[in-house]
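Asker: Chains as they are written, first to last, in the working numbering: chain A, 4 to 200; chain B, 4 to 200. Can you read through this structure? Questions will come right after.
Number of protein chains: 2
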Amino acid sequence: MPYSKAHKETTRQKILESAITLFSSKGYDQVSIDSLMQHADLTRGAFYAHFKNKKEVYCKAIFAGARKSMARVKKPEELNKKEWSRQLLSAYLSKEHVNQETFACPLAFLVTDIANKEPEIKQTYTLVYKQLNRALKKLSNNSDSSVSGLDEQDVLAITALMIGGVAIGRALDDPGTTERLLESCRNKAIELLERSS
Amino acid sequence: MPYSKAHKETTRQKILESAITLFSSKGYDQVSIDSLMQHADLTRGAFYAHFKNKKEVYCKAIFAGARKSMARVKKPEELNKKEWSRQLLSAYLSKEHVNQETFACPLAFLVTDIANKEPEIKQTYTLVYKQLNRALKKLSNNSDSSVSGLDEQDVLAITALMIGGVAIGRALDDPGTTERLLESCRNKAIELLERSS
DNA sequence: GTCTATAGAAAGATAGAC
DNA sequence: GTCTATCTTTCTATAGAC
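Here it is as structure tokens:
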């Protein structure tokens, strides 16, 4: 056995990383399996030893991309939940996120890429969307306080501002407008966040 | 000349109508010129007598689709501006809009289809986006009142909720969540709208 | 597991008849 | 202006050598 199991897993991860980057920035149809594998320093043929087909790697990329984004959500010790959630909103609704310099949340980068796709893809998106809402709700629940945190309406509106702001910002051809849009969404989202305390 | 100028214009409009419907629901890559022309009861070859290429008809469809959506914004006499803008938000952030039963705003249906496309396409989207913001700002300016209406931050946040809410709603595989999302965005947007009065 | 080669299908765009 | 036929490119997926 010339290739170890560990090596296969490493290769698979490399492909998945490329998939997250490329699908987020170009969408499903604009990424060919050829370009994907080239990005991962491999050739077309090797793809099918790791994934069944293009749809499968797309699903896995959405899931892994969201997981990767969420991994940044580890709260530093010195911050309380409220301060941390405010910082998160600022990082999400930032020029750097829009320009894919820090990370790329599939929820924002691929919103309209999902509609009219296979059920499996829509289910993956829905799952990840609910995870984000749950995470935000949890963050707003300050354990050492009597307040109950955000209700569902607040959470849904805040994540809509996050996803909508970043998605629109990426579509615009005018950096000034994008910057003001991000600032507006940041301010309104933080307002909703802090109103509950 | 067996075909009149009027006939050509009629045909062009028919293709454009098909383009609005199909591009909105499926996105740029999932609509072939063949399927587009079939939807307009014509064949492939006739396309190029009306449009230079696929990119051009996509741009025109975004512009015309937005114009068509905006045409519904004619204010009935019996409503004042405030009541009318509230109704507009409800029509936009509705299940019917998400399901493309009433109309399909390209700003929401195609947000992430635009990023990384040609400058001309991004410019068209940006133009239409600014039109929507301007229209909302104007509606909030109650002429027979001393209040100045919405400021830019409010407008940008409201349209982000509109576009974001509809775009996310279309991506979800769970009608219940979509309904609650739309309701949340409606409520928060109306709240922002009425706070300025 | 990864490579090259290729089958088979689909798409954008053009040519020429009517 | 609209049609059919076709050129050319690109893509997904598979086959077989190493």
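Using N, Cα and C, we set each Cβ at its ideal position, and we do this for glycine too. Note that the structure is a prediction, hence the values are computed from the model and not measured.
For a test of the three-state rule: what should DSSP assign to Glu-80 of chain B, helix, strand or coil?
Answerer: Taking the first residue of the second sequence as position 1, residue 80 of chain B is located at position 77. If DSSP states are grouped into helix, strand and coil, Glu-80 of chain B belongs with coil.
Asker: Got a sec: which bits of the segment 7 to 21 of chain B sit with their beta carbon under 9 Å from any beta carbon on chain A, in order along the chain?
Answerer: none
Asker: List, in order along the chain, the chain A residues whose C-beta lies closer than 7 Å to that of Leu-142 of chain B?
Answerer: Locating residue 142 of chain B in the second sequence gives position 139, counting from the first residue. By Cβ distance, chain A contributes nothing, its closest Cβ being about 18 Å from Leu-142 of chain B, past 7 Å.
Asker: Contact defined as beta carbons within less than 8 Å: I believe Val-34 of chain B pairs with His-100 of chain B. What is the distance between those atoms, to the nearest angstrom?
Answerer: Here residue 34 of chain B refers to the residue found at position 31 of the second sequence. Here residue 100 of chain B refers to the residue found at position 97 of the second sequence. With 8 Å as the limit, Val-34 of chain B and His-100 of chain B do not qualify as a contact, their Cβ atoms being about 20 Å apart.
Asker: Checking 9 Å against the spacing of the C-beta atoms, do Leu-113 of chain B and Gly-167 of chain B come in under that value?
Answerer: As a first step, residue 113 of chain B must be located in the second sequence, where it is residue number 110. As a first step, residue 167 of chain B must be located in the second sequence, where it is residue number 164. With contacts defined by Cβ atoms closer than 9 Å, Leu-113 of chain B and Gly-167 of chain B do not form a contacting pair.
Asker: When the Cα of Glu-123 of chain B is compared with those of B:Lys-141, B:Ala-64, B:Cys-108 and B:Val-76, which residue comes out closest?
Answerer: Position 120 of the second sequence, counting from 1, holds the residue named residue 123 of chain B. The option with the nearest alpha carbon to Glu-123 of chain B is B:Ala-64.
Asker: For Ala-43 of chain B, count the other beta carbons within 10 Å of its own beta carbon; 16 or more makes it buried, fewer makes it exposed. Which is it?
Answerer: Indexing the second sequence from 1 puts residue 43 of chain B at position 40. By the neighbour-count rule (16 or more Cβ atoms within 10 Å), Ala-43 of chain B is buried.
Asker: So Ile-161 of chain B packs on Leu-110 of chain B, CB below 8 Å; how close in whole Å?
Answerer: Indexing the second sequence from 1 puts residue 161 of chain B at position 158. Indexing the second sequence from 1 puts residue 110 of chain B at position 107. Incorrect: roughly 13 Å between the Cβ atoms, too far for contact.
Asker: Going along chain B in order, which residues have a C-beta closer than 8 Å to the C-beta of Asp-177 of chain A?
Answerer: Reading the first sequence from its first residue, position 174 is the one you call residue 177 of chain A. Thr-129, listed in chain order.
Asker: From this set, B:Arg-198, B:Ser-199, B:Glu-197 and B:Glu-186, which residue's C-alpha is nearest Arg-95 of chain B's C-alpha?
Answerer: Taking the second sequence and counting its residues from 1, the one referred to as residue 95 of chain B is at position 92. Sequence inspection shows Tyr at residue 95 of chain B; the Arg mentioned does not correspond to that position. The candidate whose alpha carbon is nearest that of Tyr-95 of chain B is B:Glu-186.
Asker: By the three-class DSSP mapping on this structure, what secondary structure does Glu-182 of chain A have?
Answerer: Taking the first residue of the first sequence as position 1, residue 182 of chain A is located at position 179. DSSP places Glu-182 of chain A in helix when its eight states are reduced to three.
Asker: Specify the secondary structure class of Val-101 of chain A as computed by DSSP and reduced to three states.
Answerer: The residue given as residue 101 of chain A occupies position 98 in the first sequence. Val-101 of chain A: helix per DSSP, three-state reduction.
Asker: Are there 16 or more other CB atoms within 10 angstroms of the CB of Thr-46 of chain B, so buried, or fewer, so exposed?
Answerer: Here residue 46 of chain B refers to the residue found at position 43 when the second sequence is read from its first residue. Exposed, since its Cβ has fewer than 16 Cβ neighbours within 10 Å.
Asker: Could you give the distance in angstroms between the alpha-carbon of Ala-22 of chain A and the alpha-carbon of Val-131 of chain A?
Answerer: If you number the first sequence from 1, residue 22 of chain A lands on position 19. If you number the first sequence from 1, residue 131 of chain A lands on position 128. Cα to Cα, the separation comes out at about 17 Å.
Asker: Give the range of the alpha helix (DSSP H) segment to which Lys-120 of chain B is assigned.
Answerer: As a working mapping, residue 120 of chain B is identified with position 117 in the second sequence. Careful: Lys-120 of chain B lies outside any alpha helix (DSSP H) and carries neither H nor E.
Asker: When the Cα of Asn-190 of chain A is compared with those of A:Ala-138, A:Ser-88 and A:Gly-152, which residue comes out closest?
Answerer: Counted from its first residue, the first sequence places residue 190 of chain A at position 187. Measuring from the Cα of Asn-190 of chain A, the nearest candidate turns out to be A:Ser-88.
Asker: Apart from the five residues just before and just after Asp-157 of chain B, which ones in its own chain have a Cβ nearer than 7 Å to its Cβ?
Answerer: Taking the first residue of the second sequence as position 1, residue 157 of chain B is located at position 154. Cβ neighbours of Asp-157 of chain B within its own chain (closer than 7 Å, five residues either side excluded): Leu-195 and Ser-199.
Asker: According to a CB-to-CB cut-off of less than 8 Å, which residues of the segment 67 to 80 of chain B neighbour chain A?
Answerer: Under the 8 Å Cβ criterion, the segment 67 to 80 of chain B contributes no residue.
Asker: Could you spell out where the alpha helix (DSSP H) holding Cys-62 of chain B opens and where it closes?
Answerer: By 1-based counting over the second sequence, the position of residue 62 of chain B is 59. Unbroken alpha helix (DSSP H) run through Cys-62 of chain B: 57 to 74.
Asker: Spatial neighbours of Val-76 of chain B within its chain, please: CB distance less than 6 Å, with the 5 preceding and 5 following residues excluded, ordered by chain position.
Answerer: Here the question's residue 76 of chain B lines up with position 73 in the second sequence. Same-chain partners within the cutoff: there are none.
Asker: Which residues, in order along the segment 153 to 177 of chain A, keep a beta-carbon less than 7 Å from a beta-carbon of chain B?
Answerer: The residues in question are Glu-155, Gln-156, Leu-159, Ala-160, Ala-163, Leu-164, Ile-166, Gly-167, Gly-168, Ala-170, Ile-171, Arg-173, Ala-174, Leu-175, Asp-176 and Asp-177.
Asker: Near Ser-97 of chain B, what residues of its chain come up, given a Cβ to Cβ distance below 8 Å and the 5 sequence neighbours on each side ignored?
Answerer: The residue labelled residue 97 of chain B in the question sits at position 94 within the second sequence. Cβ neighbours of Ser-97 of chain B beyond the five flanking positions: Thr-105 and Leu-185.
Asker: Are Leu-92 of chain A and Ala-163 of chain A close, meaning C-beta to C-beta below 9 Å?
Answerer: Locating residue 92 of chain A in the first sequence gives position 89, where the first residue counts as 1. Locating residue 163 of chain A in the first sequence gives position 160, where the first residue counts as 1. Not a contact, by the Cβ cut-off of 9 Å.
Asker: Find the residues of chain B that neighbour Asn-119 of chain A, judging by a C-beta separation of less than 9 Å, and give them in chain order.
Answerer: In the first sequence, the residue the question calls residue 119 of chain A occupies position 116. Within chain B, the residues near Asn-119 of chain A are Ser-28, Lys-29, Gly-30, Gln-33 and Arg-173.
Asker: Going along chain B, which residues have a C-beta under 9 Å from Arg-183 of chain A?
Answerer: The count along the first sequence starts at 1 and reaches residue 183 of chain A at position 180. Here the neighbours are Glu-155, Gln-156 and Leu-159.
Asker: With a Cβ-Cβ cutoff of 9 Å, do Cys-108 of chain B and Ala-69 of chain B count as a contact?
Answerer: Sequence index remark: in the second sequence, residue 108 of chain B carries index 105 (1-based). Sequence index remark: in the second sequence, residue 69 of chain B carries index 66 (1-based). Yes, Cβ-Cβ distance for Cys-108 of chain B and Ala-69 of chain B is below 9 Å.
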